[in-house]
Amino acid sequence: MTMTSTASNVPVLLDGFRTPFGRYMKSLRGMSARQLGAHVVEGLVSRHEMLRTCDGVLLAQVLQGGHGQNPARQVAVSGGVDTRVPALTLNNVCLGGMAAIADASRRIRCDEGRSYVVGGVDSMSGAMHAGYVRAGASMRSLEMVDTLSTDGLWCALQDESMGSLSDRANADLGIDREVQDRIALRSHQRAAQARDDKRLADEILPIGSGEQTVLNDEGIRDDASLAGLGGLRPAFSDPGTITAGNASQMTDGAAIGAVTSMGVAERAGVRPLARVVACAEVAGPDARLHLQPARAIEKVLARTGLRLAEVGIVEINEAFAGVVEASRRELSLPLDIVNVNGGAIALGHPLGGTGFRLALTLARELVRRGERYGVASLCGGGGQGAAVLLENTR
Numbered sequence: 001m002t003m004t005s006t007a008s009n010v011p012v013l014l015d016g017f018r019t020p021f022g023r024y025m026k027s028l029r030g031m032s033a034r035q036l037g038a039h040v041v042e043g044l045v046s047r048h049e050m051l052r053t054c055d056g057v058l059l060a061q062v063l064q065g066g067h068g069q070n071p072a073r074q075v076a077v078s079g080g081v082d083t084r085v086p087a088l089t090l091n092n093v094c095l096g097g098m099a100a101i102a103d104a105s106r107r108i109r110c111d112e113g114r115s116y117v118v119g120g121v122d123s124m125s126g127a128m129h130a131g132y133v134r135a136g137a138s139m140r141s142l143e144m145v146d147t148l149s150t151d152g153l154w155c156a157l158q159d160e161s162m163g164s165l166s167d168r169a170n171a172d173l174g175i176d177r178e179v180q181d182r183i184a185l186r187s188h189q190r191a192a193q194a195r196d197d198k199r200l201a202d203e204i205l206p207i208g209s210g211e212q213t214v215l216n217d218e219g220i221r222d223d224a225s226l227a228g229l230g231g232l233r234p235a236f237s238d239p240g241t242i243t244a245g246n247a248s249q250m251t252d253g254a255a256i257g258a259v260t261s262m263g264v265a266e267r268a269g270v271r272p273l274a275r276v277v278a279c280a281e282v283a284g285p286d287a288r289l290h291l292q293p294a295r296a297i298e299k300v301l302a303r304t305g306l307r308l309a310e311v312g313i314v315e316i317n318e319a320f321a322g323v324v325e326a327s328r329r330e331l332s333l334p335l336d337i338v339n340v341n342g343g344a345i346a347l348g349h350p351l352g353g354t355g356f357r358l359a360l361t362l363a364r365e366l367v368r369r370g371e372r373y374g375v376a377s378l379c380g381g382g383g384q385g386a387a388v389l390l391e392n393t394r
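So for the sequence shown, UniProt numbering puts the first residue at 1; every next one is plus one.
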């Protein structure tokens with residue numbers, strides 16, 4: 001069957017918001033992933049009432065252990081979505097928030113629905129420890145597992161930390177410490193400038209935590225310098241080139257928005273942020289991360305016939321600075337169009353929340369700069385990658 005594109009099955013990124021991203025065990029540590037996500041959903045449906053009865057909620061959460069059934073359903077109901085709206089929790093590690101965009105877009109193109117709440121959330125501070133005690137712990141020591149590590153930061157295929165895996169990839173690809181530190185410094189500088197110019201304010205919903213209100217991302221270092229970054233010790237292997245300064249920060253936060261049909265947007269009188277042109281996912285041939293964003297970008301462009309030269313802004317998630325450099329080199333991308341408002345090294349990387357954050361930042365920046373096309377991409381644990389191609393509709 002051949003489908004004809006109409007306003008009813010053209011997917012668009014209608015709108016979206018996120019919490020400020022909190023540093024690990026800092027201001028947002030007392031809030032659960034459910035609370036973080038519900039805060040953003042509440043803000044979203046308050047602005048767009050029709051989303052309370054959307055066709056579905058598709059949210060990613062990586063660190064689910066011990067947090068109850070179907071976290072997406074919990075977030076949706078707590079945030080004010082009608083209880084008759086079904087919800088699905090996604091988890092392909094860091095790709096989950098972007099996978100939600102892709103899933104919603106497919107459903108709209110296939111006429112299965114017209115509007116979806118999408119995105120993701122994680123509280124790395126709230127990741128639980130688990131014990132193997134089903135058979136009892138009598139007369140023996142109790143082993144505890146840190147789910148932050150096992151479910152979020154550890155490559156299950158290689159049985160090693162993704163940092164160690166990526167340290168070797170840096171060496172194999174000839175990406176030295178100075179290059180990584182320069183990318184990290186640029187991330188902080190760009191993020192600080194974007195914050196000061198209020199370019200991030202449109203996407204952030206301030207959130208109350210205890211007696212304080214968190215307004216901005218906590219990880220941005222105004223005092224970042226090459227000298228300071230250069231003085232940090234290797235984090236995973238010695239000798240190694242990955243440090244706490246040139247890798248993404250552990251973070252608490254949520255990024256959630258809406259993918260609807262163009263028809264829904266028109267009837268609501270809302271000018272969407274962007275059209276979702278195409279999405280792509282890649283994997284392998286091994287568990288390494290570095291080139292997965294580049295491969296995903298190549299795949300999504302091949303699906304559309306667009307050339308990379310037609311793309312005005314590119315987001316490559318800063319899981320590690322080496323990932324950005326490797327994918328940038330692979331695509332021969334000029335750095336000045338990559339991560340123009342900083343990335344996860346400065347802003348933070350709340351796992352399930354990052355994929356949507358990348359697309360949201362990209363869409364808003366396309367509007368600000370008057371660029372037509374942009375692509376957001378990221379790598380994911382186990383050697384996978386994803387990309388989404390957006391077109392400015394304003």
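All residues carry an ideal CB built from backbone N, CA and C; glycine is no exception.
- A direct Cα-to-Cα measurement between LEU185 and LEU291 gives close to 22 Å.
- With fewer than 16 other beta carbons inside 10 angstroms of its own, SER46 counts as exposed.
- With a threshold of 16 other beta carbon atoms within 10 Å, THR83 falls short and is exposed.
- Selection PHE17, GLY43, GLY126, CYS110 evaluated against ALA7 yields CYS110 as nearest (Cα-Cα).
- The straight-line gap separating the alpha-carbon atoms of ASN392 and LEU165 is approximately 37 Å.
- The Cβ-Cβ distance between ARG34 and GLN69 does not fall below 9 Å.
- By the Cβ neighbour-count rule, SER138 is exposed, with fewer than 16 other Cβ atoms within 10 Å of its own.
- DSSP places LEU95 outside both helix and strand once states are collapsed to three, so it counts as coil.
- Inclusion of ASN91 and ALA60 in the CB contact set at 9 Å is warranted, their separation being smaller than that value.
- Distance from VAL57 to ALA87 at the Cβ level is roughly 4 Å; contact confirmed, criterion being Cβ atoms closer than 8 Å.
- Under the three-state reduction of DSSP output, GLU112 falls in the coil class, being neither helix nor strand.
- Spanning the alpha carbons of LEU142 and VAL133 requires a straight line of approximately 8 Å.
- Secondary structure note for PHE356: its alpha helix (DSSP H) is the uninterrupted segment 354-369.
- Counting C-beta pairs closer than 8 Å gives three or more between the stretch 350-367 and the stretch 249-257, which meets the contact rule.
- For GLY230, there is no enclosing beta strand (DSSP E); the enclosing alpha helix (DSSP H) covers residues 226-230.
- The closest CA to that of ASP197, considering only GLU371, PRO11, ASN341, VAL367, is found on ASN341.
- Per DSSP, reduced to three states, the secondary structure at ASP222 is coil, with no helix or strand assignment.
- Look at PRO11 here: in three-state DSSP terms it is strand.
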